[in-house]
Amino acid sequence: MAYGGRDDHLFRAAILQSGGAFPLTRPDTPAFQSTFDSLITNTTCSPFANATATEKLNCIRTLPVDVFRAKVGRSTGQSIDGDFTRTSIQRALPEGAYIRVPTIVGANTDEGTNSAPKGINTTAQLFSPVADGFFRPRKLPNATVATLINLYSTNPRLGCPYNTGSAKFSSGALDKMACSIFGDIVQIGPARMIAETLARDGVPVYRYRFNHLPSNTSGVGRGIGTGVEQAYVFSNVGSEQAWDRNMGYQMAALWATFAHDLDPNAVVGDLGMPEWLQYGEDRNSMVFNGYGSWIEKDTYREEAIRYIIDNVLQDGALTAKQQLVA
Numbered sequence: 001m002a003y004g005g006r007d008d009h010l011f012r013a014a015i016l017q018s019g020g021a022f023p024l025t026r027p028d029t030p031a032f033q034s035t036f037d038s039l040i041t042n043t044t045c046s047p048f049a050n051a052t053a054t055e056k057l058n059c060i061r062t063l064p065v066d067v068f069r070a071k072v073g074r075s076t077g078q079s080i081d082g083d084f085t086r087t088s089i090q091r092a093l094p095e096g097a098y099i100r101v102p103t104i105v106g107a108n109t110d111e112g113t114n115s116a117p118k119g120i121n122t123t124a125q126l127f128s129p130v131a132d133g134f135f136r137p138r139k140l141p142n143a144t145v146a147t148l149i150n151l152y153s154t155n156p157r158l159g160c161p162y163n164t165g166s167a168k169f170s171s172g173a174l175d176k177m178a179c180s181i182f183g184d185i186v187q188i189g190p191a192r193m194i195a196e197t198l199a200r201d202g203v204p205v206y207r208y209r210f211n212h213l214p215s216n217t218s219g220v221g222r223g224i225g226t227g228v229e230q231a232y233v234f235s236n237v238g239s240e241q242a243w244d245r246n247m248g249y250q251m252a253a254l255w256a257t258f259a260h261d262l263d264p265n266a267v268v269g270d271l272g273m274p275e276w277l278q279y280g281e282d283r284n285s286m287v288f289n290g291y292g293s294w295i296e297k298d299t300y301r302e303e304a305i306r307y308i309i310d311n312v313l314q315d316g317a318l319t320a321k322q323q324l325v326a
């Protein structure tokens with residue numbers, strides 16, 4: 001995406017974990033403004049609430065780092081600047097306006113437990129959160145939202161976290177349905193979109209699904225949510241269980257080998273793992289699990305995720321021109 005796909009040799013390869021691709025916003029999005037305002041009103045900068053923008057900014061610069069981090073929340077991020085970042089990835093990929101480098105891209109099985117709203121008891125209560133999305137710059141059309149919701153089951157056995165039977169969240173009877181939808185919109189759908197596009201364009205791409213619940217986890221309700229894989233990728237596992245530690249060794253070795261060779265497969269034999277096949281028409285994807293990893297076909301929730309890729313992701317992403325002049 002950098003510079004509209006112009007290759008200045010800034011990137012040799014890419015590793016995209018929890019492969020999200022958020023629609024980007026204009027620099028003056030209301031979400032950013034509200035974050036800036038909260039830094040003023042909820043810190044020692046409150047006396048500057050009616051001061052000039054320069055005075056407010058100068059005060060923010062004096063805040064301790066821990067205070068700044070606590071108050072800024074999650075409402076900041078990359079935005080369209082018309083130069084380095086010219087559009088959202090949802091627009092750049094179909095147009096081929098991206099830099100072609102070998103890529104690892106994947107997501108965790110239960111991504112949605114981190115991003116979905118809670119307290120959902122009816123499908124009607126899902127409508128507004130799905131329309132608004134997750135830092136989405138504009139609402140989805142009503143017809144799109146209705147179709148998407150109908151592609152997911154209210155049966156908790158089919159909800160996220162997956163493979164947890166008929167158990168429901170105490171916070172809401174349909175929270176597992178919400179987690180399924182949001183995980184697919186925010187991370188799993190975009191990861192599949194990225195893999196499909198790169199494979200279509202002949203770019204070496206290795207797809208994965210992290211499907212291992214750490215033995216020492218304290219958040220079973222989250223399932224295998226966002227960020228769970230990070231300790232394994234860096235071989236910094238806090239568990240003493242052999243399968244956890246071996247999993248960390250395997251993933252760290254694969255990541256390091258890819259960084260060096262632009263292909264992770266030089267070590268799979270020594271690790272006792274299957275060959276990590278490139279993503280292509282066969283849609284091969286590595287499933288990481290501490291009790292034995294395997295290759296699967298990346299076709300789960302095919303109808304719903306295909307609808308997200310074709311109708312939801314691009315619809316929620318404004319073009320560069322729209323974002324700069326709106």
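Residues in the sequence shown are numbered from 1 upward in steps of one, following UniProt numbering.
Where is the CB? At the ideal position from N, CA and C, for every residue including glycine.
Quiz prompt | Of the residues E55, Y162, I40, D244, the one placed nearest E111, counting alpha carbons only | solution = The shortest C-alpha to C-alpha distance from E111 to any of E55, Y162, I40, D244 is the one to Y162.
Practice problem: Return the CA-CA distance between H9 and L198, expressed in angstroms with no decimal places. | Solution: H9 and L198 have their alpha carbons spaced roughly 18 angstroms apart.
Self-check item: Which residues DSSP lists as bridging V287, in chain order
Solution: V287 pairs with R209, W294.
Quiz item: Can D201 and R100 be called in contact, C-beta distance under 8 angstroms?
Solution: Yes. Within cutoff.
Quiz item: How many angstroms separate the CA atom of A326 from the CA atom of I305?
Solution: Summary for A326: the model assigns pLDDT 44, below 50, so the residue's position carries little reliability; its value from the coordinates is reported in the next sentence. Straight-line Cα distance between these residues: approximately 30 angstroms.
Quiz prompt | Counterpart residues of F169 in DSSP-defined beta bridges | solution = Answer is G172.
Practice problem: Give the DSSP bridge partners of N108, in chain order. | Solution: Beta-bridge partners assigned by DSSP to N108: F210.
Exercise. Report the option in T43, V312, M247 whose CA atom is closest to the CA atom of H212.
Key: Comparing Cα positions, the closest option is M247.
Practice problem: Keeping to the same chain, check which residues put their C-beta closer than 7 angstroms to that of L313; ignore five residues upstream and five downstream. | Solution: Cβ within range, chain order: Q90, G189, P190, M193.
Quiz item: With respect to the beta strand (DSSP E) encompassing L16, which residues constitute its N-terminal and C-terminal limits?
Solution: The continuous beta strand (DSSP E) containing L16 extends over residues 14-16.
Quiz item: When you compare only the Cα positions, how much space is there between Q33 and A70?
Solution: Each residue's alpha carbon lies about 17 angstroms from the other.
Self-check item: Close Cβ partners of M177 (< 6 angstroms) along its chain, the five nearest in sequence each way excluded
Solution: The beta carbon of M177 lies closer than 6 angstroms to those of Y152, T154, G159 in the same chain, with the five residues before and after it left out.
Quiz prompt | Which residues DSSP lists as bridging T25, in chain order | solution = According to DSSP, T25 bridges with S79.
Quiz item: Does the segment 268-282 come within contact of the segment 248-256, defined as at least 3 CB pairs closer than 8 angstroms?
Solution: Between the segment 268-282 and the segment 248-256 there are three or more inter-stretch CB-CB distances shorter than 8 angstroms, so the stretches are counted as touching.
Quiz item: What is the residue span of the alpha helix (DSSP H) that S254 lies within?
Solution: What sits at residue 254 in the sequence shown is Leu, not Ser. Under the DSSP assignment, L254 falls in the alpha helix (DSSP H) whose first and last residues are 242-261.
Practice problem: With distances taken Cα to Cα, identify the nearest neighbour of A242 among S128, G292, A259. | Solution: Taking only the C-alpha atoms, the option nearest A242 is G292.
Quiz item: Cβ atoms of V145 and G19: under 8 angstroms apart, would you say?
Solution: At least 8 angstroms separates the beta-carbon of G19 from that of V145.
Quiz item: How many Å lie between A49 and T41 at the Cα?
Solution: Straight across, the Cα-Cα distance linking A49 with T41 is about 6 angstroms.
Quiz prompt | Q250 versus G223: straight-line alpha-carbon distance, rounded | solution = Cα to Cα, the separation comes out at about 21 angstroms.
Quiz item: How is T87 classed by DSSP in three states: helix, strand or coil?
Solution: DSSP places T87 in coil when its eight states are reduced to three.
Exercise. Using only alpha-carbon positions, find the residue among Q17, G221, S46, M273 that is nearest to T164.
Key: Measuring C-alpha to C-alpha distances from T164 to each of Q17, G221, S46, M273 identifies G221 as the nearest.
Self-check item: Chain-order list of residues whose beta-carbon lies under 7 angstroms from that of M273 (same chain, five-residue window excluded)
Solution: Apart from sequence neighbours up to five positions away, the residues of its chain that approach M273 with a beta-carbon distance below 7 angstroms are Q250, S293, ordered along the chain.
Quiz prompt | Three-way DSSP call (helix, strand, coil) for T299 in this model | solution = Looking at T299 - three-state DSSP - the assignment turns out to be coil, as it is neither helix nor strand.
Quiz item: Under 8 angstroms between the Cβ atoms of I120 and L63?
Solution: Not in contact: I120 and L63 (Cβ atoms no closer than 8 angstroms).
Self-check item: Beta-ladder partner(s) of T103, from DSSP
Solution: Under the DSSP definition of a beta bridge, T103 partners with A14, V205.
Quiz prompt | Cβ neighbour criterion (16 or more within 10 Å) applied to residue 327 | solution = Given a span of 1 to 326 for the chain in the structure shown, any question on residue 327 remains unanswerable.
Self-check item: T197 - DSSP class collapsed to helix/strand/coil
Solution: Here T197 sits in helix by DSSP.
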